[in-house]
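Working notes, structure below.
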Amino acid sequence: MTNKPQLPKATSSKSSSISRRMLLGSAAAGAAATTFGNFTILSRQAQAAEPLRVLCWPGYEEKDVIAEFEDLHKTKVEFKIYIGGEQMLQFFAQTAPGTFDAIISDAEYVQKLKANKTIEAYKTDGFAELANYHPKFRDFAPTKGETAGTVYGIPTRFSFYGISYNTDEMSAEQAGDWNSLLDKKYAGKIGMFDWYLPNLGNASLAVDPGNQTPYAITDDQLKKVKEFLTKLRPQIGMFGSSNQPIAQAMLAGDIFASPTGDLDIDLKLAGYDNFSSTIPKQGGIRWQEVACVCSASKNKDLAMEWVKYMTSPKVQSKLVYTKAFKARGPNMKIVDYWDADQKKLLSYVPDPANPGKMLVETLIDRSMPRGLPANQPEQAWIDIFNEFKTA
Amino acid sequence: MRGNPWIFAGRLWLGLAYAFMFLPLVVLVLFSFQKNRFPGFPLQGWTLQWYDKLFSDGTLLNALGNTMIVSPAAATIATAIAFFAAYAFNRFAFRGKTAFLALVTLPILIPPLILGVGFLGLLARIHLSGTLFAVFLTHVVLITAPALAIIQLRLSQMPVSLEEAAWDLGATEWQTVKKVVLPFALPGIFGAWLLAFTFSFDEFIIAWFVSGFQPTLPVAIYSVLVAAIDPSLNAIGTIVFGISCLVLIGLELVLLPLLLGKSENQS
Amino acid sequence: MTAATADLELLSITKNFNSFVAVDSVNLKVGRGEFVAIMGPSGCGKTTLLRILAGLETASSGQLYISGKDVSDVPVNLRSTRLVWQNYALFPHLDVGGNIAFGLTLKPYDKAVVAGKVKAMAELVGLSDFMGRKISQLSGGQKQRVALARALVTEPEILLLDEPLSALDAHLRIRMQGELRRIQRQLGMAFIYVTHNQVEAFSMADRVVVMNKGRIEQIDAPEEMYARPKTEFVARFVGTNNLFTGRIQEIGHDRVIVHCAHGQVVVMTDDPPPVGASVFVVVQADKLTPAPIGLAGENRLDATLRGREYAGSHNIYLLDLVDGTEVKMTMPQILPVEINRPVTAWFSPQNAALIRGAA
Amino acid sequence: MSSIDEAPPSRRMRTPNDSPLKVWFLAPLGLWLILLFLLPLLFLLWIGFWRVENFQAIPDFSLSNYTDIFASFFSKSRYGLAMIQSLWVAITTAFFATILSYMVALSIAFAVPARWQRLALLLAIAPFWSSYVLRLYAWQTILSRNGVINSIMRLVGLSDYRIDIIYTQIATRIGLIHYLAPILIVILYVSILAIDRVLIEAARELGCTRWQAFTRVVLPLSRFGLMTAGSFAVIVSLGDALSGNLLGGGAGTSIIGKLPTYASMIMSDYSSSTNLPRTSALATILIAVMVLALAVGFVLADRARRRIG
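Residue numbers (the working numbering), protein chains in the order written: chain A, 1 to 391; chain B, 1 to 267; chain C, 1 to 359; chain D, 1 to 309.
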């Protein structure tokens, strides 16, 4: 409903050159002036040029990532940020059809979006950049369309739920084994992300190393997962609802390790070198985001263009390095846009243990994509997690 | 009174209380000027880089712009609604008055997360979710209760005879409201507006749910906050607190005299 | 007074608050230019009655006529009455001039006309030098004048005043009494003046109305009311009266003998109740004197001196009669009797009045 | 002077003014509340009776969400334990917040010269006007193992002592008390201010010590304010998940155990599963508990008010 996108745009583009005071003043004055304008023109239909509207995790809206697309297509892209797949579904379900043209979804949530018929499959031919994707991201396991050559979503960003740890307190060898977390030394010193899916997935791998389908397990296996978690409970010092509190807790020394992924990237960037991360030998869970096109979009062509844009190595090189998140990109060519430091930080460097492979490739090989419980209802898994939390 | 141990203990306690109240704010402001990327010790030196970062990226400023549209509008409408309602509550007796007042207070008591989901569900059905207008609509609900309380407080200080005098002199009811009640309630209205404004200015959970492509400032802050670790947040926190301090000066001048009943109105 | 010349006429006005009867079938006529004071103890209904006249309350039943027109259902803002409040009820956000002009600015008058009227009124009440003052900067007396001017400038037919002087100090009150009377005469307007202060009522009013429990007890000129109260209530309420309960024992030519508990009392009267009727004998305290030596005859009161109060210009003596009845006697001189000693008081039959008792 | 019955509450009077304004002036508030508060709330309660099929909420009237929740109230999902934790944390938080704020209010009212009281009150409530979330982050920095307090203790050579309360419900309470204090201080200060100073002077005159004057006059007369503040604090604490998540570490330790609060459970359940009806049912249970707490608070406050007379 930005009937006057010019104002904020003008403000932000000039912002570096004018003083803060002026900026505040002009923003306030502009805001006052457009108050009525904004309220009277409420309906989307009233606007001339339809911008592209995207529902996404944080990062995609940052100027570095999207500016080139906007310039190229002479359009404006508007973002609604969500945090967590459930919010995404709610935002989608609770807005008029056609509100969003494209969605960045977690790969496993594509199933739920499909069930709601909110997204549609599209052909992968014409996506030249897919050739540069790591093979694991070319099989589109959770997002494959019903007919050959179609997908519901193409990966754009991913990373791991391996163990991030404080190198002063934990050795690389220990971090390479899920069972080290049970060490008495770490009682109350493990932080955990407050979501059942990655944690139960990791536990599933811990009790059944190398399982290619950690989310499709039998009831017996699930029982073992529960036992593993029960043993883990006294080790947990805190549950974090997002990365920030966990990273803060690591830094403050309140916890020594966390199966939350790669908190070390941000910590290293901040100048704290005593942090690292890895995926234990039993395997670990990987998250990945995919770009989807909404079936009710009136702007599908532009949405497709945007999806294509997001597969480019240059864009991904920025996307995985945003203020919001540090992550990894499925397009292996992104290294061409980085300096040595960035490559090292994001582990796009040769793996000494695996000649001929980059470290990130080893990690990809060792990790399994996050999925939804295949053989049990969601609630059964959530109950296990709740029981674990309240144990 | 001098040397009285109770007074001494009271002042000591007050000092401790202030230390407790301001400690987080001091930390917030301190780390907005520190080089540390994570708030922690030891300190790594002074910098303005986080402010620079904040203002070089238009996102938060845009969000501030959105907030400056929604919050004044919501505060204005809420204050207007609250004034009329407070007048009616103050003047008339009617059945269900207590229940009505309880209903007004309920929105602040229901956890905002719960309310947010409810708002989203309903607004979606009338195709209003995802707009600044939706934020405006819901914020009015949330901030009317405090505004009402302040204006009621002011109106309760108005002698009944003031209105009667106006009627007696030939004023219609509407003329009386306009020419007598409104001027009398003005300090209360002003205080209520400020309070309503700051509530709306700070509110984020509901706004998170119902706002669309134009986030308000707290929503923008939150979307950076949950995802990343960025001391720019301390910078914006400092600025928001600075703005609030300005509002507080307004409060000092208007709201407190009212709350404490030290107004200059006639006996 | 006939209806034709009456400014105001109340016909059995009654006001109930739920089961409580605040005003009980009141009938009253007020003539053109008359100053009527309504008096009574707290809770007697006088203020409610005034508010009914102003239109701030609606009577439960009865009719109200102003200049012959039934205004019972006319709302307050359309009535030609104006009320002056006890607490002044001045608008704190307006200055003196703004307060006085308030009523006029509600109507589409020419500004110059308003200014002229306000100026003239300010002069009448002596506020010309205070027009720009804030209300909070005024003294009590000045506020009172503003309230008066604000009401009068709208040229009402009747001015209603609700204990307007009760918040002023004694000196100012007396000055304002005189001034109110002067203004009332000058404008020839009917004033209805509610007060619980008897001195105020008696010194200003043409007629005094005494109310009790929502009913009118007596309507009379002040002197009449003082000298000849018609009910026990009025007798007790007005002045410093002594009351003796008794029965008519004997009726003479122009006097009756009343049998009281402490003895016989002789009262002069033209209109005696029948023998055996229950009556009250009213004697004002200042009409009691110590009995002259050797006085043998009527209206002797044998008593014991219980106390003395010095009231500046006079002394108040508290006496107990033989049957325990308490009696007050006032006189300028000092009574050379010690406390708890016997004393004999006396009053002339001419100075006593008779009130018929209950039954 | 006119007595009470003579000048009845004139709001009850029938004047020309009676009427239309009452309806017109209350209508905006009423409509706004009904359309934009009651309707969404009822909608939310209603969703609690829906069912979920294939990740979609289907309108229905089924009690299965509630029976499911209560069937596993103390076993599988253990919402019951979380509810007990919530009540324990909320009641103790409210207790401490009320007592501590009362002491602040008393100090302002009695230990600060009259002309500085406004400033003192203003200072006490100023922190309310900064973002709650940011304040919680600041508290995290303060209470952490290597945080502000422990760093300072190390600096002054007290490295043997260390406060270790982050990720316990004590930290949760600190965050909540910091949030509640400004509001409670205002409520309590206003209620203390309403006490007639003459009563206190009279008590002193009658030979009360300062302490007796406090316990026999001030305390009984501020009971209503204390009850109001206390029940407000209980309700806010019950509904808040942020402090428990950020400072309490999601499932902070308390005497009862390492348990999350109920509000925190709702929040994480909501974001974990595609089951809005279940979330709604969970929320409805919380609202019911809050209404109950409010009713208890109301009864207590009313009793306190009656005792004051």
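Even glycine gets a Cβ: it sits at the ideal position worked out from N, Cα and C.
Under DSSP, C/Y65 forms a beta bridge with C/E9 and C/D70. Listed in chain order, the alpha helix (DSSP H) runs fully inside the stretch 199-223 of chain D are 210-213, counting runs of at least 4 residues. Residues of the same chain with a CB within less than 8 Å of the CB of A/F256, apart from the 5 flanking positions on each side, are Y165, N166, E169, M170, Y186, K189, I190 and M250 in chain order. Between the alpha carbons of D/L44 and B/V117 lies a gap of roughly 7 Å. At the C-beta level, C/K29 and C/V23 stay beyond 7 Å of one another. Counting along the chain, the unbroken alpha helix (DSSP H) around D/R173 starts and ends at Q169 to L193. Residues of the stretch 116-128 of chain D that bring their beta carbon within less than 9 Å of a beta carbon in chain B comprise Q117, R118, L119, A120, L121, L122, L123, A124, I125, A126, P127 and F128, in sequence order. For C/R356, the secondary structure class from DSSP, reduced to helix, strand or coil, is strand. For A/M192, no alpha helix (DSSP H) segment is defined; the enclosing uninterrupted segment is the beta strand (DSSP E) at I190 to F193. A straight-line Cα-Cα distance of about 41 Å links B/G15 and B/L137. The residues E173 and T176, in chain order, have a CB closer than 8 Å to that of B/W167 in the same chain once the five nearest residues on each side in sequence are set aside. For A/T95, no alpha helix (DSSP H) segment is defined, and its DSSP state is neither H nor E. Straight through space, the alpha carbons of C/P336 and C/L354 are spaced by roughly 32 Å. Listed along the chain, the chain B residues whose CB falls inside 8 Å of the CB of A/Q282 amount to none; the nearest CB is some 28 Å away.
For D/V156, there is no enclosing alpha helix (DSSP H), since its DSSP letter is neither H nor E. Taking D/T274 as the centre and dropping the five residues before and after it, the same chain places the C-beta of F55 closer than 6 Å to its C-beta, in chain order.
Not flagged as an interface residue toward chain D: A/Q376, since no C-beta distance is shorter than 7 Å. With respect to A/E289, A/I104 sits close: the two C-beta atoms are nearer than 7 Å. Shown here for D/S191: same chain residues with a beta carbon closer than 7 Å to its own, the five before and five after excluded, namely S222, F224 and G225 in chain order. The DSSP-derived three-state label of C/F280 is strand.
DSSP places B/V27 in the uninterrupted alpha helix (DSSP H) bounded by P5 to S32.
Contact between B/I236 and B/L54 holds, with the beta-carbon distance rounding to 6 Å and staying under 8 Å.
For the stretch 39-68 of chain D, the set of positions with a beta-carbon nearer than 7 Å to some beta-carbon of chain A reads N54, F55 and Q56 in chain order. For B/H139, the closest Cβ of chain A is not nearer than 7 Å. Between A/G162 and A/G284, the C-beta spacing is below 7 Å. Per the DSSP secondary-structure output, C/H196 pairs with nothing in a beta bridge. Taken atom to atom, the span from the alpha-carbon of C/T289 to that of C/E326 is near 15 Å.
Annotation for B/V160: the continuous alpha helix (DSSP H) segment containing it runs V160 to D168. Residue C/V282 holds the alpha-carbon nearest to the alpha-carbon of C/A227 among C/I174, C/Q184, C/V282 and C/V258.
DSSP places A/Q174 inside the alpha helix (DSSP H), whose first and last residues are A172 to A175. For C/M268, the enclosing beta strand (DSSP E) stretches over residues G263 to M268. Under the three-state reduction of DSSP output, C/H259 falls in the strand class. With its beta carbon at least 7 Å from every one in chain C, B/T198 lies outside the interface. With 16 or more other Cβ atoms from the protein chains shown falling within 10 Å of its own Cβ, A/Y309 counts as buried. Think of a sphere of 9 Å around the beta carbon of A/K318: no beta carbon from chain B falls inside it, the nearest being about 14 Å out. A contact between stretches requires three or more CB pairs, one per stretch, nearer than 8 Å, and the stretch 69-76 of chain C fails this requirement with the stretch 122-137 of chain C.
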